[in-house]
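Shown next, in structure tokens, is the structure this report addresses.
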Amino acid sequence: MAEEPDLARLLGAVAAGDRAALRRVYEAQSVRLFGLANAILRDREAAADALHDAFLRVSQRAAQFDPARGAASAWLAGVVRHAALDQARRRGRELPTDDPTLGDTAVAPEALERVAAQADGRRLRECLEALEEKNRSGILLAFVHGLSHSQVAERLSMPLGTVKAWIRRGLLQLRDCMS
Numbered sequence: 000m001a002e003e004p005d006l007a008r009l010l011g012a013v014a015a016g017d018r019a020a021l022r023r024v025y026e027a028q029s030v031r032l033f034g035l036a037n038a039i040l041r042d043r044e045a046a047a048d049a050l051h052d053a054f055l056r057v058s059q060r061a062a063q064f065d066p067a068r069g070a071a072s073a074w075l076a077g078v079v080r081h082a083a084l085d086q087a088r089r090r091g092r093e094l095p096t097d098d099p100t101l102g103d104t105a106v107a108p109e110a111l112e113r114v115a116a117q118a119d120g121r122r123l124r125e126c127l128e129a130l131e132e133k134n135r136s137g138i139l140l141a142f143v144h145g146l147s148h149s150q151v152a153e154r155l156s157m158p159l160g161t162v163k164a165w166i167r168r169g170l171l172q173l174r175d176c177m178s
């Protein structure tokens with residue numbers, strides 16, 4: 000692995016358009032960064048795609064790296080992390096869990112639509128109508144319109160934590176109503 004001063008220097012060269020420097024950054028960091036992407040996605044093919052996307056971003060945004068703000072390896076890890084999370088969002092939607100240590104897990108995009116198409120669909124619509132507007136709109140934006148929690152928060156002009164709590168409470172109320 001390249002030492003930090005060398006890695007920072009290489010990123011500076013990448014920012015200046017040096018393709019050989021980008022190749023050296025890739026050769027020095029790709030194994031570690033692939034491991035990071037794979038840990039997030041748990042799918043080697045998706046991790047490879049995320050790593051590719053990340054290095055495209057590095058080639059375009061290397062000038063944004065500021066060594067005064069942190070280590071080059073940490074900046075690269077952040078770029079890969081964001082690319083992997085973007086990849087995860089494209090693969091599925093977020094579903095809040097009861098366990099805050101687990102974070103959000105992906106579910107099949109059609110899950111709500113499948114339930115709505117079944118005999119329980121009418122009951123689901125009735126239960127959705129019984130929810131408070133904030134809970135209902137959060138759930139619909141997330142699971143019908145396919146927005147991530149952060150996109151829902153932006154759309155509703157509310158803090159992300161508040162939106163996640165609304166969606167979680169709404170899903171718990173839906174579960175109780177449906178049972």
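Per numbering that gives the first Met the number 0: the sequence shown = residues 0 to 178.
Glycine residues also receive a C-beta, built at the ideal position from the N, C-alpha and C atoms.
Everything numeric in this text was worked out from a predicted model, so none of it was measured.
Rounded straight-line distance, which links the Cα of residue j to that of residue i
{"i": "residue 49", "j": "residue 165", "result": "31 Å"}
{"i": "residue 25", "j": "residue 63", "result": "18 Å"}
{"i": "residue 141", "j": "residue 176", "result": "19 Å"}
{"i": "residue 58", "j": "residue 158", "result": "32 Å"}
{"i": "residue 46", "j": "residue 31", "result": "12 Å"}
{"i": "residue 15", "j": "residue 60", "result": "10 Å"}
{"i": "residue 254", "j": "residue 51", "result": "This structure cannot speak to residue 254, because the chain is shown only from 0 to 178."}
{"i": "residue 27", "j": "residue 33", "result": "12 Å"}
{"i": "residue 71", "j": "residue 178", "result": "52 Å"}
{"i": "residue 90", "j": "residue 55", "result": "20 Å"}
{"i": "residue 66", "j": "residue 149", "result": "29 Å"}
{"i": "residue 44", "j": "residue 29", "result": "14 Å"}
{"i": "residue 109", "j": "residue 171", "result": "Bear in mind that the predicted position of residue 109 carries a pLDDT of just 46, short of 50, making it unreliable; the figure below should be weighed with that in mind. If you take the alpha carbons of residue 109 and residue 171, they lie about 19 Å apart."}
7 Å Cβ shell around residue i - same chain, five flanking residues per side excluded
{"i": "residue 169", "result": "130, 134, 135, 137 and 138"}
{"i": "residue 23", "result": "9"}
{"i": "residue 7", "result": "66 and 71"}
Residues near residue i by beta carbon distance below 8 Å, same chain, minus five either side
{"i": "residue 173", "result": "123, 126, 127, 130 and 138"}
Residues of its chain near residue i, where Cβ-Cβ distance is below 6 Å and the 5 sequence neighbours each way are ignored
{"i": "residue 88", "result": "147"}
{"i": "residue 21", "result": "13 and 58"}
{"i": "residue 151", "result": "137, 140, 141 and 162"}
{"i": "residue 53", "result": "78, 79 and 82"}
Query raised in the report: How about the segment 154 to 170 and the segment 119 to 138: do they share at least three Cβ pairs that are nearer than 8 Å?
Result: yes
Query raised in the report: Which runs of the alpha helix (DSSP H) fall wholly inside the segment 33 to 81 and span at least 4 residues, in chain order?
Result: 43 to 60
Requested in this report: Assess, as a yes-or-no matter, whether the segment 32 to 49 is touched by the segment 73 to 87 under the definition of 3 or more beta carbon pairs within less than 8 Å.
Outcome: yes
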